[in-house]
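S.K.:
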Amino acid sequence: MEEQIKQLMADFLNLDPLRIDDATAMESVEGWDSFNHLNLCLALEQEFGITLAVDEMEGMTSFYDICQIIQARL
Amino acid sequence: MISDARSRFEAALAQQLPHETRNAARHYLAQEEEAGRWRVVARSVRALPEGGLGLKPVRVALLASFSIDFIADALLATGLAHGVRVIPYFSGFAQYSQELLNPESALYAFKPDVVILAIEGEQLLPRLYREGVLPPSGKLDSATTEPWVAEAMGVIDPLIAAFRRHSEALLLIHDLVPPCWPGLGILDGRQGPGEVEVIHAVHGALKRRAREQRGVHVVGYAALVARLGASQWYDQRMAHLAKAPIAARLLPHLAGEYVKYFRALVGLTRKCLVTDLDNTLWGGIIGEDGVQGIRLGADYPGSAYLAYQRALLQLHDRGILLAIASKNNLAEVETVFREHPAMLLRPDHFVRQEIHWQPKSLSLRAIAQGLDIGLEHMVFVDDNPAECAEVEAALPMVTVIPFPAARPEEAAAALFGPGWFDGLVLSVEDRDRADLYRQRDRAEALKAESGSLEGYLYGLEMRVEIVPVGAATLARAAQLTQKTNQFNLTTRRHSEEEVARRSADPDWLVRCVRVVDRFGDNGVVGLVMAQRLADGNTLEIETLLLSCRVIGRTIETAMLADLCQQAVAMKTGRILGRFIPTARNAPAQALFVEHGFTPLPVSGPEASSGESLWEWDLTTRGGIVTPPWITRSGVDHGRADQTTDGGFSQP
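These protein sequences, in sequence, are chains A and B.
For the record, in the first sequence the residue sitting at position 14 is 15 according to our numbering, with numbers rising by one throughout.
For the record, in the second sequence the residue sitting at position 585 is 588 according to our numbering, with numbers rising by one throughout.
(1) What does DSSP give as the partner residues of residue 581 of chain B in its beta bridges?
(2) Does any residue of chain B have a CB that is nearer than 8 Å to the CB of residue 31 of chain A?
(3) How many whole angstroms separate the CB atoms of residue 573 of chain B and residue 535 of chain B, which I take to be in contact at a CB cut-off of 8 Å?
(4) Taking residue 26 of chain B as the reference, give the member of B:540, B:547 and B:395 with the closest Cα.
(5) Could you tell me the alpha carbon to alpha carbon distance between residue 102 of chain B and residue 168 of chain B, rounded to whole angstroms?
(6) Go ahead and pull the three-state DSSP assignment for residue 303 of chain B.
(7) Compare the C-alpha of residue 433 of chain B against each of B:550, B:178, B:231 and B:521 and name the closest.
(8) The beta strand (DSSP E) spanning residue 530 of chain B covers which residue range?
(9) Anything in chain A within Cβ reach of residue 244 of chain B, meaning under 7 Å, just list it in chain order.
(10) Give the residues from the stretch 18–45 of chain B that approach chain A closer than 7 Å (Cβ to any Cβ), ordered along the chain.
(11) Can you find the residues in the same chain that come closer than 8 Å, C-beta to C-beta, to residue 227 of chain B, ignoring five residues on each side of it along the sequence?
(12) Along the chain, where does the alpha helix (DSSP H) that runs through residue 177 of chain B open and close?
(13) Taking residue 425 of chain B and residue 272 of chain B to be in contact with their CB atoms under 8 Å, please state how far apart those CB atoms are, rounded to whole angstroms.
(14) Establish whether the CB of residue 8 of chain A and some CB of chain B are separated by less than 8 Å.
(15) List the endpoints of the continuous alpha helix (DSSP H) containing residue 340 of chain B.
(16) Suppose you measure from the CA of residue 514 of chain B to the CA of residue 264 of chain B; what does that come to, to the nearest Å?
(17) Using alpha carbons as the reference points, say which of B:579, B:67 and B:127 lies closest to residue 616 of chain B.
(18) Closer than 8 Å is the cut-off here; do at least three beta carbon pairs connect the stretch 448–456 of chain B with the stretch 480–494 of chain B?
(19) Determine whether the beta carbon atoms of residue 201 of chain B and residue 131 of chain B lie at a separation below 8 Å.
(20) Spatial neighbours of residue 575 of chain B within its chain, please: CB distance less than 8 Å, with the 5 preceding and 5 following residues excluded, ordered by chain position.
(21) Between residue 517 of chain B and the rest of its own chain, which residues show a CB-CB distance below 6 Å, the 5 nearest in sequence each way excluded?
(22) Pick from B:523, B:494 and B:556: whose alpha carbon is nearest that of residue 666 of chain B?
(23) Would you kindly check if the distance between the Cβ of residue 339 of chain B and the Cβ of residue 297 of chain B is under 8 Å?
(24) Whose C-alpha, out of B:69, B:113, B:161 and B:193, is nearest the C-alpha of residue 147 of chain B?
(25) Hey, residue 65 of chain B and residue 119 of chain B: beta-carbon distance below 8 Å or not?
(26) Suppose the cutoff is 8 Å on Cβ atoms and the five residues either side in sequence are ignored; what does the same chain contact list for residue 113 of chain B look like?
(27) Near residue 397 of chain B, which residues of its chain fall below 6 Å by C-beta distance, leaving aside the five closest residues on each side in sequence?
(28) Three-state secondary structure (DSSP) at residue 181 of chain B?
(29) Using a Cβ cut-off of 9 Å, pull out every chain B residue sitting near residue 4 of chain A, in sequence order please.
(30) Using DSSP with H/G/I as helix, E/B as strand and the rest coil, what is residue 645 of chain B?
(31) Using only alpha-carbon positions, find the residue among A:63, A:43 and A:74 that is nearest to residue 26 of chain A.
(32) In the structure shown, what three-state DSSP assignment does residue 13 of chain A receive?
(33) What are the start and end residues of the alpha helix (DSSP H) that includes residue 119 of chain B?
(34) Of all the CB atoms in chain B, is at least one closer than 8 Å to the CB of residue 1 of chain A?
(35) How is the beta strand (DSSP E) around residue 93 of chain B delimited, first residue to last?
(36) May I ask you to verify whether the stretch 13–22 of chain B touches the stretch 230–246 of chain B, counting CB pairs closer than 8 Å and requiring at least 3?
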């Protein structure tokens, strides 16, 4: 699961998947704007076959948080 | 974790293989479990240099009553998979009126080739979608559709009119999805026209308006949403959160709908479908099951194969050439055509039949050569993955559609879904195309019989009519610029709107060529567009083309002869022409040399691309003579007539 999330973050936020860790967060990544954030959330939904609530989308502001939220939904 | 499909795409991309990259992108984009695929392909499109992968650029402006920006990845990715480099422009949220009405807007500065106007019903007719159809007072049955139609067209009409004044681009307007939950429930439309009926009336008005206009098309948005299901289509959460009401998962379908228009615009509409027979045109294998044993008829699975035949027949009727590539014994195949009672397709429906045991790629090559069409305009359907792979490897420019062997009932959808054969117009020439090719085959036979070329040309009994493009020929003229690849001096693609504008301009000469021979009417098969330059003395050929079905009959000489006459009538002393080489237009290369034009020097980037420039001096050389085996026919009052016959008044 973490690998899938890393790959999507890499594709949508223009990151090197090997350099993504728990500390990778919205405020420190340049390409992580609100438009890309929504695109990433929608891709995560499709990847894991889930529908996120707006609160969950808004809470996914770091790799760590994304993993927590997705994990809780699987 | 990189999937195989993605790896193959990235490998083809890294090697810059145009056709292989497109095919690999199509396979990769079909992997539904890979959520990031649109972004991955779109990112590679954004990184491409101009002209990369041989993609044809199309500048697309999207204007919407909602936030349509989320379609960007799907649009760029689908474009690549279909040979188009989409250069997008997103207007600000719900800025469509300002953008279209103001000639100084960023929209017009963008110089779009296509403008998409996507207004959702809720924004076009808010009262209808929020409050319903019941009039505030009075009788229940007093409601009519007219005020609603007037309200909707009152928004749309000024936008179309302004757009037509300021741009020659293609305009695509969404139609409307009827309200999912009519306010009156099952009583909608029971006593007076209901909400759904109002929307159908608006559709009718919209389509009529589009038919009256050049280059305005109505996108079947409601039909698209219906195919996928309105309850799936809309994502209320995203509608509230980001004013982006279309579910992200389904946006690629909308992108696919748009790309059908782009593909037609750049001349990539497919012209010929080559089908396999066993387990494709019918169920089972004729060599093993026999005529009695193959599945075809009223009951499943025979009914599914029959549906596929019906789909092919529909393609045939709209002018798509059908051909067969099958590894079989010819005699057995002939038995099926002759004896099977359920066969819908007859041998006459196929312009070529390659039935033998040679590789299918050879069959496709032979068919393309025989019909004089490019392999990039061919679609191949086969149930056998090995045959599909062989063709895709040997001829990557051919579009391969695997026949869904385990689910033959899905074949028709696989054929029609991507709209490979969709063009922007359907002309009489299209409908009769298979007949025209048969005529041409007979003409070819005549050529073989006649001992000499001259005897052949006289034997054709050609009558050639060269007249200004008029209302009746406008769509065909634009279509010829979009589709003609071989005998085409400059391969410039033009919209109907552009051709119409030139027709009305006194400095432009826009003439089309109709050819009738002893085998029948070939229809409008040629076009010349030339412009009188600012010096007043030069007539420059901007476009000169001939449909491939009449190449090699000296019709081009008649066209040049006509051009000389017209040049004199326009009081110009010389004709200038250029040849811009492409991968396919070698047949037109020698035109100027053969007719004795004088070469002029070419410098700069044009020279390195092999472009050549030619001159004909009318004052010293006089005119060019129409060949004696061609009779010029038709009423032709020359230049002066153009403003009446070919004049297009702006609405």
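C-beta atoms are modelled at their ideal positions from N, C-alpha and C, and glycine is treated no differently.
If you're wondering where the values come from, they're calculated on a predicted model, not measured in any experiment.
M.R.: According to the structure data:
(1) Your numbering for residue 581 of chain B matches position 578 in the second sequence. DSSP, once it has assigned bridges, lists B:616 as partnering residue 581 of chain B.
(2) Locating residue 31 of chain A in the first sequence gives position 30, where the first residue counts as 1. Taking Cβ atoms only, chain B never reaches closer than 8 Å to residue 31 of chain A, which makes this a no.
(3) As a position in the second sequence, residue 573 of chain B is number 570, starting the count at 1. As a position in the second sequence, residue 535 of chain B is number 532, starting the count at 1. Between residue 535 of chain B and residue 573 of chain B the Cβ distance is about 6 Å, and since that is below 8 Å, they are a contact.
(4) For this step, residue 26 of chain B is matched to residue 23 along the second sequence. Nearest option by C-alpha distance: B:395.
(5) Translated into positions along the second sequence, residue 102 of chain B becomes position 99. Translated into positions along the second sequence, residue 168 of chain B becomes position 165. Rounded to whole angstroms, residue 102 of chain B to residue 168 of chain B spans 13 Å at the Cα level.
(6) Locating residue 303 of chain B in the second sequence gives position 300, where the first residue counts as 1. In the structure shown, the three-state DSSP call for residue 303 of chain B is coil.
(7) Locating residue 433 of chain B in the second sequence gives position 430, counting from the first residue. Minimum Cα distance to residue 433 of chain B is reached at B:550.
(8) Walking along the second sequence from the start, residue 530 of chain B turns up at place 527. Residues 523–535.
(9) Reading the second sequence from its first residue, position 241 is the one you call residue 244 of chain B. Within 7 Å Cβ-Cβ: 55.
(10) Within the stretch 18–45 of chain B, the qualifying residues are 38, 39, 42 and 43.
(11) Indexing the second sequence from 1 puts residue 227 of chain B at position 224. The answer, listed in chain order, is 256, 257 and 260.
(12) Counting from 1 along the second sequence, the entry for residue 177 of chain B is found at position 174. It is not in any alpha helix (DSSP H) - residue 177 of chain B instead sits in the beta strand (DSSP E) that spans 173–177.
(13) As a working mapping, residue 425 of chain B is identified with position 422 in the second sequence. As a working mapping, residue 272 of chain B is identified with position 269 in the second sequence. At roughly 6 Å, the Cβ-Cβ gap stays under 8 Å, so residue 425 of chain B and residue 272 of chain B are in contact.
(14) Your numbering for residue 8 of chain A matches position 7 in the first sequence. Contact with chain B is found for residue 8 of chain A, since one of that chain's Cβ atoms lies less than 8 Å from the residue's Cβ.
(15) As a working mapping, residue 340 of chain B is identified with position 337 in the second sequence. Segment 333–342, the alpha helix (DSSP H) holding residue 340 of chain B.
(16) The sequence position of residue 514 of chain B within the second sequence is 511, counting from 1. The sequence position of residue 264 of chain B within the second sequence is 261, counting from 1. Each residue's alpha carbon lies about 26 Å from the other.
(17) Here residue 616 of chain B corresponds to residue number 613 of the second sequence, with the count starting at 1. Put simply, of B:579, B:67 and B:127 the residue whose alpha carbon is nearest the alpha carbon of residue 616 of chain B is B:579.
(18) Contact between the stretch 448–456 of chain B and the stretch 480–494 of chain B is absent, because fewer than three Cβ pairs lie under 8 Å.
(19) To locate residue 201 of chain B, count along the second sequence from 1; it is residue 198. To locate residue 131 of chain B, count along the second sequence from 1; it is residue 128. The answer is yes: Cβ separation under 8 Å.
(20) The residue given as residue 575 of chain B occupies position 572 in the second sequence. Contacts found: 535, 539, 540, 541, 542 and 621.
(21) Taking the first residue of the second sequence as 1, we reach residue 517 of chain B at position 514. Counting only Cβ-Cβ distances below 6 Å, and skipping sequence neighbours, we find 468 and 527.
(22) Coverage of chain B is limited to positions 4 through 654, which leaves residue 666 of chain B absent and any answer about it impossible.
(23) In the second sequence, counting from the first residue as 1, residue 297 of chain B sits at position 294. In the second sequence, counting from the first residue as 1, residue 339 of chain B sits at position 336. Going by beta carbons, residue 297 of chain B and residue 339 of chain B fall inside the 8 Å limit.
(24) Here residue 147 of chain B refers to the residue found at position 144 of the second sequence. Among B:69, B:113, B:161 and B:193, the Cα nearest to that of residue 147 of chain B belongs to B:193.
(25) Here residue 65 of chain B refers to the residue found at position 62 of the second sequence. Here residue 119 of chain B refers to the residue found at position 116 of the second sequence. Going by beta carbons, residue 65 of chain B and residue 119 of chain B fall inside the 8 Å limit.
(26) Residue 113 of chain B sits at position 110 when you count from the first residue of the second sequence. Within the same chain, residue 113 of chain B has close Cβ partners 62, 64 and 92.
(27) Start at 1 with the first residue of the second sequence, and residue 397 of chain B comes out as number 394. Contacts found: 364.
(28) For the purposes of this step, residue 181 of chain B is taken as the residue at position 178 of the second sequence. Coil at residue 181 of chain B, not helix or strand.
(29) For the purposes of this step, residue 4 of chain A is identified with residue 3 of the first sequence, where counting begins at 1. Using a Cβ-Cβ cut-off of 9 Å, residue 4 of chain A is close to 4 of chain B, given in chain order.
(30) Along the second sequence, read from residue 1 onward, the residue named residue 645 of chain B stands at position 642. Reliability fails at residue 645 of chain B, whose pLDDT of 38 lies under 50, so the model's placement of it is uncertain and the value that follows must be treated cautiously. Here DSSP, grouped into helix, strand and coil, assigns residue 645 of chain B to helix.
(31) Residue mapping note: residue 26 of chain A aligns to position 25 of the first sequence, counting from 1. Residue A:63 is the option with its Cα nearest to residue 26 of chain A.
(32) Start at 1 with the first residue of the first sequence, and residue 13 of chain A comes out as number 12. The answer is helix: DSSP assigns residue 13 of chain A an H, G or I state.
(33) On the second sequence, position 116 is the one that residue 119 of chain B refers to. Segment 117–121 is the beta strand (DSSP E) holding residue 119 of chain B; no alpha helix (DSSP H) there.
(34) Any property of residue 1 of chain A remains undetermined from this structure, which presents chain A solely from 2 to 75.
(35) The sequence position of residue 93 of chain B within the second sequence is 90, counting from 1. Unbroken beta strand (DSSP E) run through residue 93 of chain B: 87–93.
(36) Fewer than three pairs of CB atoms, one per stretch, sit closer than 8 Å, so the stretch 13–22 of chain B makes no contact with the stretch 230–246 of chain B.
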